[in-house]
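Remember, this note's numbering sits 1 above the position in the sequence shown when you count from 1. Each residue gets a CB set at the ideal place from its N, CA and C atoms; glycine is no exception.
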Amino acid sequence: MIKILVVDDDGKVREVVAAMLAALGHTVLQAPDGLAAITMLEAKSAVDLVLTDLVMPGLSGWDLVKTIRRRWPLVRVAVVTGNHDIATAQAGQAVEFVIKKPFGLDTLQRVLGKGA
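Take a look at the structure:
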């Protein structure tokens, strides 16, 4: 199993996603925003995947992705969005996965299975 950092400013969504990932056997860390995620990566850089929402106050999900790519290029990144077409077009080579909201346990399992 892998270590995943879940980044979402909506605490309820973050908790549910973290619980689903833990149910799949993964180790899960949580951050309420992009800046907190960067702080966690600086302190505990041994994460395998960052799963981030795109729309967050302060540092956006895309800005977080750019920072991760620059500072931790080996960390895989998945983005979660309600607008799949735009996210897919913008993602290019920047992220490994784009997950469209709403999603469930089966979607997470399928996506993580592709990258495992």
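Test item: CB-CB of residue i and residue j under 8 Å
i, j, result
"residue 111", "residue 97", "no"
"residue 75", "residue 63", "no"
"residue 39", "residue 68", "yes"
"residue 113", "residue 21", "no"
"residue 51", "residue 6", "yes"
"residue 4", "residue 47", "yes"
"residue 44", "residue 70", "no"
Contact set for residue i: own chain, Cβ-Cβ below 7 Å, skip 5 residues either direction
i, result
"residue 102", "81, 82, 83"
"residue 41", "6, 30, 32"
Nearest to residue i (by Cα), restricted to the options the options
i, options, result
"residue 49", "2, 57, 71, 104", "2"
"residue 104", "4, 6, 17", "17"
message: Three Cβ pairs or more, each shorter than 8 Å: is that satisfied between the region 6 to 13 and the region 21 to 36?
response: yes
task: Pick out the complete beta strand (DSSP E) segments inside the region 2 to 80, 3 residues or longer, and give them in chain order.
output: 4 to 8, 28 to 32, 50 to 54
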